[in-house]
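See structure below.
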Amino acid sequence: MALKPNSADGRTRSWVQIFIVFGLCCFFYILGAWQRSGFGKGDSIALEITKHGADCNIIPSLNFETHHAGEVGNVGESEKIKSFQPCPPRYVDYTPCQDQKRAMTFPRDSMIYRERHCPREEEKLHCLVPAPKGYVTPFPWPKSRDYVPYANAPYKALTVEKAIQNWIQYEGNVFRFPGGGTQFPQGADKYIDQLAAVIPITNGTVRTALDTGCGVASWGAYLWSRNVLTMSFAPRDSHEAQVQFALERGVPAVIGVLGTIKMPYPSRAFDMAHCSRCLIPWGANDGMYLKEVDRVLRPGGYWVLSGPPINWRNNYKAWQRPKEELEEEQQKIEDVAKLLCWEKKHEKGEIAIWQKRVNDESCRGREDDSQAKFCKAEEANDVWYKKMDVCVTPYPDVSSSSEVAGGELKPFPERLFAVPPRIASGSVPGVSVETYEEDNNIWKKHVNAYKKINRLIDSGRYRNILDMNAGLGGFAAALNSPKLWVMNVMPTIAEKDTLGVIYERGLIGIYHDWCEAFSTYPRTYDLIHAHGLFSLYKDK
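Residue numbering for the sequence shown follows our numbering, beginning at 358 and increasing consecutively.
Right, here's the structure in full:
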């Protein structure tokens, strides 16, 4: 939105921008000046609050009130500073829009009760969520991949329930994550090696991945060491704290479920999607969930399914399921994959891999298929609280049978600063190649300045970083490092939807409306970045 410096409203907006920049500079200065060797003033404040039962009067001089509403003037000495009291201890892991008690009031059909259900205005809490007793600073990356302090997520249920699957082990005052999973008890590395024999994981072709029903996200954790960035999700369900463990490890994850609502990601986002015994009924509802995966899968991308019903002939007894039921389940998956025009590349043991075609030139026959209902192309990215439909997302048009629909991407890391196809093709109104390159230069300067002020950036201390208003992803691109990742949030009220551009750069992100709680646990981000956010939500 353009500023009008000669108007009162313009003056206010200008001051808002100045205050936001000043506030961020102070924020980074405080962190940089006070923190030393991964433990500093911010960490000691947290420990003091924990020690004194979340008494917010320990640091009385900290004032995070905003003073930029309306015309800017002097803040009167008599102005009352609003303070927020700590919530009761039972809210230590409160997730407002995935609250367990509220969830149980919704239907269980199609996992509706596990979807987002945010509190009504009168139910909202206005207190500070406390840390668990004994909470400590997380380990830096890469140690945090394998170890999480017990006090930070004190839940042992998974150590018993998943003991033979090597998910997680309790050792003294820490949890250890050996890298196992239900389908890879010998470790994620060996499992990924099997996939890499079919999928080009090592050469930068596959950069972004989606893990549905991720457990503690060991698949994504070990892919990160191979420069593949994985968006993992799982519901807040009986597997207590699985997503919380993932984030405590420093691995990208959100609370989410495939139910009745579209996934909060743009079309053609991921190079690879994965389900390892994720218990999603892929063939049900005319293949609706598989069609939703197809929407977010990039042309030429891969879908991996391991576990039931793959290799049912040899495993139906061990799975304690009728072979006829498993055979029917796999046949439904095969039929939907055929309708989507995916090519089956591999099936061995309990692993099957399909590849999405690069365009629909070889799939013209499906237009005459009565089951092939096509979605409206303009609704491919319209996902926030929108119901899934049993339709196939159409490919962008191509001019030849070899052209990649939507544009071919360069391998990573080259694609990070290459011109994204959506910008090169003019698909994002108001964003030109010149605009994109200028934005990159600006964010390189900003991030260099941030690093001078706060020397802990890129030290491994900040692993999970949240950019609340990501724009073209310039902040995340300038920060790119094997020691950290950025969750790029595209506010649903943003003037331009550029989340597809962010994914084309080899970064990950999510749609969200900041008038509601984020789909994560408390304390899961090490650093939060906001640029232009308060101006965007002013008067909302």
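Ideal Cβ placement from N, Cα and C applies to all residues, glycine included.
A quick note: this is a predicted structure, and the numbers were derived from the prediction, not measured.
query: Suppose you measure from the CA of S624 to the CA of V740; what does that come to, to the nearest Å?; result: 10 Å
query: State the Cα-Cα distance for the pair H474 and C571, rounded to the nearest angstrom.; result: 21 Å
query: What first and last residue would you give for the beta strand (DSSP E) that runs through A603?; result: Unbroken run through A603 is the alpha helix (DSSP H), Q599 to E605; no beta strand (DSSP E).
query: At what residue ranges does the segment 765-845 contain a whole run of the alpha helix (DSSP H), taking only runs of 4 or more?; result: 778-781, 790-810 and 831-836
query: DSSP state of M468, grouped into three classes?; result: helix
query: For K490, is the classification buried or exposed, using 16 other Cβ atoms within 10 angstroms of its Cβ as the cut-off for buried?; result: exposed
query: For the segment 451-458 against the segment 490-505, do three or more pairs of beta-carbon atoms, one drawn from each stretch, fall closer than 8 Å, so that the two count as touching?; result: no
query: Under the three-state reduction of DSSP, which class applies to W676: helix, strand or coil?; result: helix
query: Figure out for me which residue from V650, P848, S756 and S876 has the closest Cα to the Cα of T750.; result: V650
query: In chain order, which continuous runs of the beta strand (DSSP E) of length 3 or greater are located wholly inside the segment 520-567?; result: 526-528 and 531-533
query: Below 8 Å, can you find three or more Cβ-Cβ pairs linking the segment 567-581 to the segment 844-858?; result: no
query: Residues bridged to K897 by DSSP?; result: Paired residues: none, contrary to the question.
query: Nearest to P542 by CA position, among K481, Q601, Y659 and S663, is which residue?; result: S663
query: Does the count of Cβ pairs from the segment 696-707 and the segment 584-594 closer than 8 Å reach three?; result: no
query: Under 8 Å Cβ to Cβ from V788, same chain only, skipping five residues before and after it: list those, please.; result: I780, L829, K853, T855 and V858
query: Rounded to the nearest angstrom, what separates W524 and G722 at their Cα positions?; result: 45 Å
query: Put T516 into one of helix, strand or coil per three-state DSSP.; result: helix
query: According to the Cβ coordinates, are A694 and V661 closer than 9 Å?; result: no
query: Hey, could you find the ends of the beta strand (DSSP E) D628 is sitting in?; result: F627 to S633
query: Using the DSSP secondary-structure output, state which residues sit across from W711 in a beta bridge.; result: W660 and K701
query: With DSSP collapsed to three states, give me the class of A737.; result: coil
query: Considering only their Cβ atoms, is the gap separating F832 from H869 smaller than 9 Å?; result: no
query: Using the C-alpha atoms, what's the distance from P753 back to D883?; result: 38 Å
query: Less than 9 Å between the beta carbons of G763 and R655, yes or no?; result: yes
query: What are the start and end residues of each continuous alpha helix (DSSP H) run of 4 or more residues lying completely inside the segment 433-509, in chain order?; result: 457-460 and 500-503
query: Out of curiosity, what's the CA-to-CA distance linking E873 and K674?; result: 46 Å
query: For the beta strand (DSSP E) that contains S758, what are its first and last residues?; result: That residue, S758, is in no beta strand (DSSP E); it is neither H nor E in DSSP.
query: Starting from the Cα of R465, find the closest Cα among D550, D643 and L615 and give me that residue.; result: L615
query: How many Å lie between W639 and L485 at the Cα?; result: 40 Å
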